[in-house]
Amino acid sequence: MKTLLTREQLHDGVAKMADQIAACYENRHLTIVGVLTGSLVLVADVIRLLDLPMRVGVIAASSYRGATTVPGELSVNDELMLDIRGRDVLLMDDIFDTGRTLVRVLEKMQQYEPNSLRSAVLLRKQGRQEVTAEPDFVAFDIPDEFVVGYGLDYEDMYRNLPYLAALEEADLARHAKSVGVMGS
Ligand code: IMP
Ligand code: MG
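Residue numbers (this note's numbering): 5 to 188.
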């Protein structure tokens, strides 16, 4: 797989974003909500870089279904989310692609009337947005390629890669083959 961002580049970009978040929420009590499952690695790294009193929770959203890199139907499930009413809330996700997921999740969270609601993403894919809203914090802008690693998946795999890789045609064929072997 082609490496798009190395471990070191990811670390530096995430640390920079954490600094911006820290400056924004100075002396505040923060509630971080990570979008499952892609934000897990980012949330784990960012919260350990923030010296702020905070609560951490999750919300579930999924837009990709099965063996496809094309968005499918979107569903948001907030059953696991902690109480955010009157709180300063930062929503975190792995990637801002079309932007539909983040907008839908933010709408859902707004119903609970937080004191403030902002968003942070690891990646923003260039030229893909279908919404006017933008995340408040972005660690990296990347070209329009399908990427995996550092929490991002293809068919729920590769989230554990410590670097960010672009999936190419040859990788897809190799992936299909390895999944086939596991299933037999
Ligand atoms: P959006 O609603 O189009 O912005 O898509 C956001 C969601 O799609 C993200 O939270 C990811 O789970 C998934 N996604 C979008 N692009 C990629 C990618 O390049 N690799 C892996 N997942 C992606
Ligand atoms: Mg995903």
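Glycine residues also receive a C-beta, built at the ideal position from the N, C-alpha and C atoms. Here the structure is a predicted model, which is why all the values come from computation and not from measurement.
With a cut-off of 8 Å on Cβ pairs, the region 102 to 121 is not in contact with the region 144 to 164, counting fewer than three such pairs.
Using a Cβ distance threshold of 9 Å, Asp82 and Ile63 count as a contacting pair.
Looking only at Leu56, Gly184 and Ala170, the smallest Cα-Cα distance to Ala22 is reached by Leu56.
DSSP places Ala143 outside any alpha helix (DSSP H); the residue lies instead in the beta strand (DSSP E), whose first and last residues are Phe141 to Ile146.
Taking 8 Å as the cut-off, the C-beta of Asp82 does not count as close to any heavy atom of the ligand IMP.
When rounded, the separation of the alpha-carbon atoms in Ser123 and Met186 is 38 Å. Distances from the CB of Arg132 to the heavy atoms of the ligand IMP include at least one below 8 Å.
In this structure, the beta-carbon distance from Gly61 to Val37 falls below 9 Å. Here Leu156 really is in contact with Asp98; their C-beta atoms are around 5 Å apart, less than 8 Å. For Thr35, the enclosing beta strand (DSSP E) begins and ends at Leu34 to Leu40. An exposed status is given to Met161, since fewer than 16 other beta-carbon atoms sit within 10 Å of its beta-carbon. Under the DSSP definition of a beta bridge, Met96 partners with Gly38 and Ala124. Sorting Leu126, Gln24 and Arg32 by C-alpha distance to the C-alpha of Ile146 places Leu126 at the top. Closer than 8 Å to some heavy atom of the ligand IMP: that describes the Cβ of Val39. In the same chain as Thr7, and ignoring 5 residues on each side of it, the C-beta atoms closer than 6 Å to its own belong to Tyr167 and Ala169, in chain order. Considering only Met96, Tyr154, Ala26 and Lys112, the residue with the shortest C-alpha distance to Arg89 is Lys112. Scanning Lys181, Glu172 and Ala48 for the CA closest to the CA of Tyr154 turns up Ala48.
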